[in-house]
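Written out below as structure tokens is the structure these notes cover.
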Amino acid sequence: METFDTVLSVKQFLANAKKKGKSIGFVPTMGALHEGHLTLMRRAKKENDLLAVSVFVNPIQFNNPEDLKKYPRDIEKDKALLESVGCDLLFAPTVDEMYPEKEVTERFDFGKLETVMEGAFRPGHFNGVAVVVKRLFNIITPDKAYFGEKDFQQLTIIQQLVKIENLPLEIVPCSIVREPDGLAMSSRNERLTPAERAMAPFIHKTLKEAVSLKNEKSPQEIIQWVINRFKAKPEFRLEYFEITDAVFLQSVKRWEKKVNTIGFIAVFLGDVRLIDNIRFY
Ligand code: AMP
Numbered sequence: 127m128e129t130f131d132t133v134l135s136v137k138q139f140l141a142n143a144k145k146k147g148k149s150i151g152f153v154p155t156m157g158a159l160h161e162g163h164l165t166l167m168r169r170a171k172k173e174n175d176l177l178a179v180s181v182f183v184n185p186i187q188f189n190n191p192e193d194l195k196k197y198p199r200d201i202e203k204d205k206a207l208l209e210s211v212g213c214d215l216l217f218a219p220t221v222d223e224m225y226p227e228k229e230v231t232e233r234f235d236f237g238k239l240e241t242v243m244e245g246a247f248r249p250g251h252f253n254g255v256a257v258v259v260k261r262l263f264n265i266i267t268p269d270k271a272y273f274g275e276k277d278f279q280q281l282t283i284i285q286q287l288v289k290i291e292n293l294p295l296e297i298v299p300c301s302i303v304r305e306p307d308g309l310a311m312s313s314r315n316e317r318l319t320p321a322e323r324a325m326a327p328f329i330h331k332t333l334k335e336a337v338s339l340k341n342e343k344s345p346q347e348i349i350q351w352v353i354n355r356f357k358a359k360p361e362f363r364l365e366y367f368e369i370t371d372a373v374f375l376q377s378v379k380r381w382e383k384k385v386n387t388i389g390f391i392a393v394f395l396g397d398v399r400l401i402d403n404i405r406f407y
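Per the working numbering: the sequence shown = residues 127 to 407.
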């Protein structure tokens with residue numbers, strides 16, 4: 127695996143690879159890699175000639191400075207995991223390398239996609255994501271880029287970014303990878319205490335039970351049911367649970383056969399904020 131920390135050096139390497147006609151599969155990450163990330167990477171490796179991965183904890187997508195400070199980082203462990211999946215190229219730039227300007231002023235407009243859920247509770251988050259992902263796409267010039275449905279709203283925003291900016295690549299959505307007990311894998315899980323980790327599967331369990339109530343309850347009734355379930359567990363602080371359509375991510379009032387729906391949750395367990403989602407159909 128070749129490791130680069132400057133834009134110029136990675137571009138030179140990639141220009142050579144492109145000359146040889148190699149296709150590039152790209153997985154952008156913030157590091158602290160786990161099996162969820164590695165699943166995306168194995169697929170990218172299989173579907174392309176070269177696997178490129180970026181590890182960059184993007185400061186401008188954090189609206190909470192504590193969250194940024196405490197975000198887990200272990201580049202040496204990451205490198206070993208990347209070698210294990212046959213990663214060809216790691217791009218791990220510094221903040222100054224990604225943002226040479228004093229202040230990032232680029233602004234995107236994702237309309238209603240960014241006014242709900244993560245967009246509502248984390249102001250500026252998706253703009254920060256879009257800025258870094260667009261820059262990474264420009265640097266890596268991938269044929270395909272792989273994103274997890276764990277961050278479904280982010281995936282939708284990236285698909286919109288590709289559309290509005292006419293970016294020449296394919297976005298490949300990948301299913302959520304879970305621990306055997308159902309907890310969605312996440313770098314932030316590392317920050318849970320053993321007691322919190324033992325309680326965390328309650329999130330996915332509740333989502334599954336919510337789906338099983340679909341035939342007897344309306345979306346609003348299910349939302350209230352989930353709220354009540356979390357009220358009974360003081361270790362958790364529910365930020366939101368929403369049921370939306372799968373395209374525009376707007377709340378649905380009733381079940382409609384033709385509209386795919388997803389339940390989205392954000393919940394604090396201790397001081398760790400976890401997100402997850404589940405398809406109602
Ligand atoms: P992150 O490092 O958290 O920014 O994640 C990098 C990429 O990995 C994003 O596209 C995430 O959606 C994806 N990802 C993270 N965790 C999972 C998971 N448990 N299952 C599927 N994809 C994931």
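Quick reminder that beta carbons are idealized off the backbone N, C-alpha and C, glycines included.
Shortest alpha-carbon distance to residue i belongs to which of the options?
i, options, result
"GLU316", "HIS160, LYS145, VAL255", "HIS160"
"GLY212", "LEU164, PRO219, VAL257", "LEU164"
"GLU232", "PRO191, GLU365, LYS146, ALA256", "ALA256"
"PHE182", "LYS331, LYS270, TYR225, MET243", "TYR225"
"ALA321", "GLU361, ILE353, GLN350, ILE329", "GLU361"
"GLY245", "ASN184, GLN376, LEU395", "GLN376"
"LYS384", "ILE391, PHE394, ALA158, VAL373", "VAL373"
"ASN403", "LYS379, LEU281, LYS137, SER344", "LEU281"
"GLU365", "ILE329, SER344, SER338, LYS137", "ILE329"
"ILE186", "VAL153, VAL230, GLY151", "VAL230"
"ILE401", "LEU333, VAL136, ASN142, GLU209", "LEU333"
"ASP204", "GLU240, ASN142, GLY157", "GLY157"
"LEU262", "VAL221, ASN341, ILE391", "VAL221"
"ALA178", "GLU192, ILE266, LYS260, ARG199", "ILE266"
"PHE234", "MET243, ARG248, PHE252", "PHE252"
"ASP397", "LYS331, GLU296, ILE349, ARG323", "ARG323"
"ILE201", "GLY389, PRO219, TRP381, MET325", "PRO219"
"PHE130", "LEU216, ASN189, LYS172, ARG380", "LEU216"
"ILE391", "VAL352, ALA358, LYS144", "VAL352"
"VAL378", "ALA271, VAL242, SER338, ARG314", "VAL242"
"ASN132", "ARG399, PRO268, SER180, GLN286", "The sequence given here has Thr at residue 132, not Asn. Of ARG399, PRO268, SER180, GLN286, the residue nearest in Cα terms is SER180."
"ILE166", "GLY274, ARG355, ARG248, PHE139", "A quick correction: the sequence has Leu, not Ile, at residue 166. Out of GLY274, ARG355, ARG248, PHE139, GLY274 has the C-alpha closest to the C-alpha of LEU166."
Within 10 Å of its beta-carbon, does residue i have 16 or more other beta-carbons around it, so buried, or fewer, so exposed?
i, result
"ILE369", "buried"
"LYS276", "buried"
"PRO306", "exposed"
"ASN292", "exposed"
"THR155", "buried"
"GLY147", "exposed"
"ILE284", "buried"
"ASN410", "It is not possible to answer for residue 410, since the shown part of the chain is limited to 127 through 407."
"SER312", "buried"
"GLY237", "exposed"
"PHE394", "exposed"
"TYR407", "exposed"
"ASN227", "One point to set straight first is that residue 227 is Glu, not Asn, in the sequence displayed. Exposed is the call here."
"THR387", "buried"
"GLU240", "buried"
"ASP214", "buried"
"LEU309", "buried"
"GLN279", "buried"
"GLN138", "exposed"
For the ligand AMP, enumerate in chain order all residues having a CB closer than 6 angstroms to any of its heavy atoms.
-> Here the list is THR155, MET156, GLY162, HIS163, LEU166, PHE273, GLY274, LYS276, ASP277, CYS300, ILE302, VAL303, ALA310, MET311, SER312, SER313.
Give, in chain order, every unbroken run of the alpha helix (DSSP H) that is at least 4 residues long and sits entirely within the stretch 242-324.
-> 244-247, 251-266, 278-290
What residue ranges within the stretch 152-191 form continuous alpha helix (DSSP H) runs of no fewer than 4 residues, ordered along the chain?
-> 161-173
Secondary structure, beta strand (DSSP E): runs of 3+ residues fully inside the stretch 202-235 = 215-217
Starting from the N-terminal side, write out each stretch of the beta strand (DSSP E) that is 3 residues or longer and does not extend beyond the stretch 366-405.
-> Taking only runs of at least 3 residues, the beta strand (DSSP E) segments lying wholly in the stretch 366-405 are 387-395, 398-405.
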